[in-house]
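> Heads up: the sequence shown begins at 42 in the numbering used here, then just goes up one per residue. Cβ coordinates follow ideal geometry from the N, Cα and C atoms, glycine included.
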Amino acid sequence: MIGLGPGAAELMAPAVREELDRAQDIVGYTTYVEMAGPFRPDQRILDSDNRREMDRARLAFELAAQGRRVVVVSSGDPGVFAMATAVMEALDGASDPSWRTVDLAILPGISAAQATAARIGAPLGHDFCTISLSDNLKPWSQILLRLEHAALADFVIALYNPLSKARPWQLGEALELLRRHRAPETPVVLGRDVGRPDERVIATTLAEVRPEQVDMRTLVIVGSSLTRQFPRSDGGAWVYTPRWYPEAPRG
Numbered sequence: 042m043i044g045l046g047p048g049a050a051e052l053m054a055p056a057v058r059e060e061l062d063r064a065q066d067i068v069g070y071t072t073y074v075e076m077a078g079p080f081r082p083d084q085r086i087l088d089s090d091n092r093r094e095m096d097r098a099r100l101a102f103e104l105a106a107q108g109r110r111v112v113v114v115s116s117g118d119p120g121v122f123a124m125a126t127a128v129m130e131a132l133d134g135a136s137d138p139s140w141r142t143v144d145l146a147i148l149p150g151i152s153a154a155q156a157t158a159a160r161i162g163a164p165l166g167h168d169f170c171t172i173s174l175s176d177n178l179k180p181w182s183q184i185l186l187r188l189e190h191a192a193l194a195d196f197v198i199a200l201y202n203p204l205s206k207a208r209p210w211q212l213g214e215a216l217e218l219l220r221r222h223r224a225p226e227t228p229v230v231l232g233r234d235v236g237r238p239d240e241r242v243i244a245t246t247l248a249e250v251r252p253e254q255v256d257m258r259t260l261v262i263v264g265s266s267l268t269r270q271f272p273r274s275d276g277g278a279w280v281y282t283p284r285w286y287p288e289a290p291r292g
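1) I'd like the ranges of any beta strand (DSSP E) spanning at least 3 consecutive residues and lying wholly in the stretch 48 to 95.
2) Could you check the C-alpha separation between residue 212 and residue 138 for me, to the nearest Å?
3) According to the neighbour-count rule (16 or more other Cβ atoms, all chains shown, within 10 Å of its Cβ), is residue 259 buried or exposed?
4) Mind reading off the beta-carbon distance from residue 280 to residue 270? Whole number of angstroms is fine, and I expect it under 8 angstroms.
5) Ordered along the chain, which non-local residues of its own chain (more than five positions away) have a Cβ less than 6 angstroms from that of residue 205?
6) How far does the alpha helix (DSSP H) with residue 216 in it reach, from first residue to last?
7) Considering only C-alpha positions, which residue in the set 94, 63, 154, 91 is nearest to residue 110?
8) Cα separation between residue 249 and residue 130?
9) Since residue 128 is in the beta strand (DSSP E), which residue starts that stretch and which ends it?
10) Terminal residues of the continuous beta strand (DSSP E) containing residue 278?
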């Protein structure tokens, strides 16, 4: 189980590249498998649609239990809203005892939040959390509850899966919730396709950001009360969150 990182070959861990080169079978979502190449003619590519995570995980165990060397491909870090969870769930629920004998290794990758943060400065420099706005696997009410608590706790918040064609309204509702707890000038970072040819990273504010600036391939970072931004020489901005925190007033 490997994480490609954000997509650029130079940001892929050497150990990940080694396992891809050694693999007999490459299993994964088609887009990510294509990013993981090139492959040799003798390597078998078993790609599928994005929503077939459990099917891919079970296929990988079936092949590995036969003695084949299999790599399951994930973007970013496989353990952050990605395929490692499906692999663990498949193993946990396995009825075939041979699956338990598979030599399973999970190799990390640079997550979308880390890649976006690095391009713009250090917005994750203090306590932060990551929340997926997708309600495919959890109710929207639970997402709002987590956003509320994260906002009250003054975390920097990295928002994954911010919107899609099927749910274009959710990011707007999430931003309205955050605006009730954060100042209008709070820095917001939008990172789209970081590490890929169409990369775009911009800094804006909570007052100015609009849902139409965002799509499913965008990572949104909303700063805390301490997060700052200042101009950089190329006309953009640096964004960072100091590691210190003001001492709480004593009663």
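Reading it off the structure:
1) Complete beta strand (DSSP E) runs here, min 3: 66 to 70, 85 to 89.
2) 43 angstroms
3) buried
4) Going by Cβ atoms, the distance from residue 280 to residue 270 rounds to 4 angstroms, so yes, they are a contact pair.
5) 257
6) 211 to 220
7) When only C-alpha atoms are compared, the closest one is 63.
8) 41 angstroms
9) Not the beta strand (DSSP E): residue 128 falls in the alpha helix (DSSP H), residues 124 to 133.
10) 278 to 281
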